[in-house]
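Below is one structure; the comments refer to it alone.
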Amino acid sequence: MSECVFQRYRHHVLAVVRELLPDVAEETLARVELTPTRDPAHGDMATNAALLLAKAARRKPADIAADLVAALQKVEGIAAVAAAGPGFVNITLQPGVLRAVLPVVLGVGEAYGQSQAGRGVRVNVEYVSANPTGPMHVGHCRGAVVGDALANLMAKAGFDVTKEFYINDAGNQVKALAWAAYWRYLQVLGTTMAQDDFSALAPGGLQYQGDYLIPVGEALAAEFGNKLAEVGVDGTPLPAPDATWLQTVRGFAVTHMLGAIKEDLAALGVHHDVFSSEADVLARGVTDAAIDQLAKADLLYNGVLEPPKGKLPDDWEEREQLLFRSTSFGDDVDRPLRKSDGTNTYFANDIGYHMDKVARGAQVMIDVWGADHGGYVKRMKAAVKALTGGAVPLEVLLCQIVHILRDGQPVKMSKRAGTFVTLRDLIDEVGRDAVRFTMLTRKSDAQMEFDLDLVVAQQRDNPVFYVQYAHARCRSVLRSAAEEGAYGAVDNAGLASAALDSLTSDAEMALVRRLAEWPRMVEAAALAREPHRIAFYLAELAGDFHALWNRGRDDASLRFLQTGAVEATRARLALVAATATVIRSGLAVMGVDPVEEMR
RNA sequence: GCGCCCUUAGCUCAGUUGGAUAGAGCAACAGCCUUCUAAGCUGUGGGUCAUUGGUUCGAAUCCAAUAGGGCGCGCCA
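Residue 392 in the numbering used here sits at position 389 of the first sequence, with consecutive numbering throughout.
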């Protein structure tokens, strides 16, 4: 039996419908919903069945609704049924059915809401995938949080989730990183060479001039001494031919940068299961195999592309190149797979990488990207569709830009001005939990304003605080009850057996209803790939709890702890403990730690 | 020029995949609170869901066009 009351009663509704209308197609039945009502006056739940079936049955919705009402009245646990509006059927449950959610929550704990809806389908969620050329900056933050929460959410909804990070360690960027690290190495060795002279040697000039590469230069010197350099006539270290050091330094620098990124991710509470290397995928021949497969399917050709409209690149020249027919799969133009120097484009390697994910067993791939990669979505989906025939869908979640505000004014990201640019700075300023929660308070395809003052404010309108405060209040009540020692066992196991008949007020039942919605919320959010819904659910749950708490302000008899009334108090404590449990369950999906008390 | 995303109350945003009278917080207004549970509480007002057309029993939600904002547009990743 499902722990989700909506799912249970949906089955009741379907059983009644099948009896009433035996000929209705299964796919029509699949669209029958049983949803919480928005207005409590409409009962606890409502179904659209009559509206949905009217056409198939060639009857008026109101007639079907009337039949449903008559049949549903006999179902166990239903206190009242009524047809309403254009053909809805509203159901009011016996209070005991709703209250029964409390022992369920207390019994399974934070696992409450765990669903089998995903049926163990293997989902690969790839997120962050920052270039290993430096520490993470705030631009990476939203994707990291959204991807991590989405992966947690889908795991809770019953998918078999792999969290993956793609390391772009095969392109020109990491070559430039190697040159920059090599320059720091030469400096550590005491070179007298001028930076401009070195910059002239490096392809594309000297990039990545931040201080963060100094430790890498020092580590290179500690490990290799002066073996990677040449010694000039005056004994000063000079650059050696890059063939003698580039590969070594590149691997060394990438390892260091990846270590820094992993530290940043750990500070954010993000942990990936798999780190995949672009260079490794390439070396194993996966990319070549994918390109071969495209060639055999006659999806590659040599051709010349039109120049892009709008701004023309300065160095534009017509050139024939190897193109993939992505237009056959919904893209706007065909896309190149080879650069002029004969090496693969990033796109070509990314095709290989996605095929590697498929080879490792992914049945659904979800990539979390920044908005600046929006123009890349169609071609990647086209390639995956061409190679898997649609058997393994690729979904892309784009995270729009985050604007950081202080005092309502945009914060300019500038190293020179001393305003922060790194993810670590952001975490240090407002804290990991505030960063994670706040990043989930908007749907990811909308731009977001991140107000540094608001996210740490202890006010009603800060959902981070509001939710944490609700949990702290729950814990505070339970601590007080334990200290008084007059209410028996007040842990979850002890409270699971509490008699609950005394929970009857609107505020109490509203909270019970909200707790009953949690499993449904998990499934809906996971199927929609919308982890932000969890944040909003928790804010509403916290609101219900605070409302209940506030009743006790004016009327002492409505407080949770009632000296002398052990039975009634235990019922209320069960409600409080269940609320705390669901808040923890939700925060766990978001990767936020619950607090025991506010300070 | 083309593609993708966004536009909901004065402000910041939700809206359970097409359902009933479109919601929450802030701000505004009215009242309460000298802390046994006020890092506040109760209530009120506030809307052409950017605009126009379409799809149907029903549209903020789906489709098309228009306006405004954002992101992007061979050989970067």
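Backbone N, C-alpha and C fix where the C-beta goes; we use that ideal spot for every residue, glycine too. Owing to the predicted nature of the structure, the values given are computational and were not obtained by experimental measurement.
Residue i beta carbon near the ligand NAP (any heavy atom closer than 8 Å)
i	result
V236	In the structure shown, the ligand NAP is absent, as is every other ligand, since no ligand is present at all.
Contacting residues, own chain, Cβ-Cβ under 7 Å from residue i (five flanking each side not counted)
i	result
A374	L401, C402, Q403, I404
A65	A86, G90
L117	With the sequence shown as reference, residue 117 is identified as Gln, and Leu is not the correct amino acid for it. So the list reads K159, once near-sequence residues are dropped.
A510	A550, L551, R554
G213	G137
A473	A545, F548, H549, I586
A293	I354, G355, M358, L390
Cβ shell of residue i (< 8 Å), same chain only, five flanking positions each side left out
i	result
D163	G121, G123, V124, R125, V126
E306	Residue identity differs from the one stated: residue 306 is Gly in this sequence, not Glu. Here the set comprises E323, Q324, L326, D337.
L156	V525, A528, A529, P534, I537, V592
T239	G193, T194, T195, M196
V107	E6, Y115
V177	N134, P135, T136, N171, R253, A256, V257
A574	A501, A502, L503, D504, S505, L506
L209	W182, A183, W186, Q198, F201, S202
L231	Y185, Y188, L223, A243, T247, W248, T251, V252
V515	L101, R102, V104, L105, L506, L578
Whole-angstrom distance between residue j and residue i, CA atom to CA atom
i	j	result
L564	S508	16 Å
V569	L576	10 Å
F255	T582	50 Å
G411	V387	43 Å
N433	H140	Per the sequence presented here, residue 433 reads as Val, with Asn not at that position. Computed Cα separation, rounded: 15 Å.
T441	L271	13 Å
L75	A49	12 Å
L54	L23	14 Å
V219	L261	12 Å
A243	N229	10 Å
V92	V72	7 Å
A385	D359	16 Å
E29	L96	27 Å
F227	K342	34 Å
A484	S132	48 Å
F9	E129	32 Å
For residue i: DSSP bridge partner residues
i	result
V307	E323
G373	C402
L241	E233
F91	A87
H14	Partner(s): none; H14 has no beta bridge.
V164	V126
V367	V126
M451	V405
P140	According to the sequence displayed, residue 140 carries His and not Pro. According to DSSP, which records beta bridges pairwise, H140 is partnered with T425.
P135	In DSSP, P135 forms no bridge with anything.
P597	Note: P597 sits in no beta bridge, so no partner.
P316	DSSP, once it has assigned bridges, lists no residue as partnering P316.
Residue i (DSSP reduced to helix, strand or coil)
i	result
F278	strand
Y169	strand
A489	coil
A65	helix
L551	helix
L397	strand
R145	helix
A496	helix
L408	strand
L223	helix
R523	helix
L37	strand
R287	coil
P206	coil
N465	coil
T50	strand
R341	strand
L96	strand
A269	helix
A82	strand
P43	helix
P413	strand
Other residues of its chain near residue i: CB distance less than 6 Å, five sequence neighbours each side excluded
i	result
D276	T165, K166
G235	L241
E520	P39
E221	V191
L180	T136, Y211, A256
L590	P597
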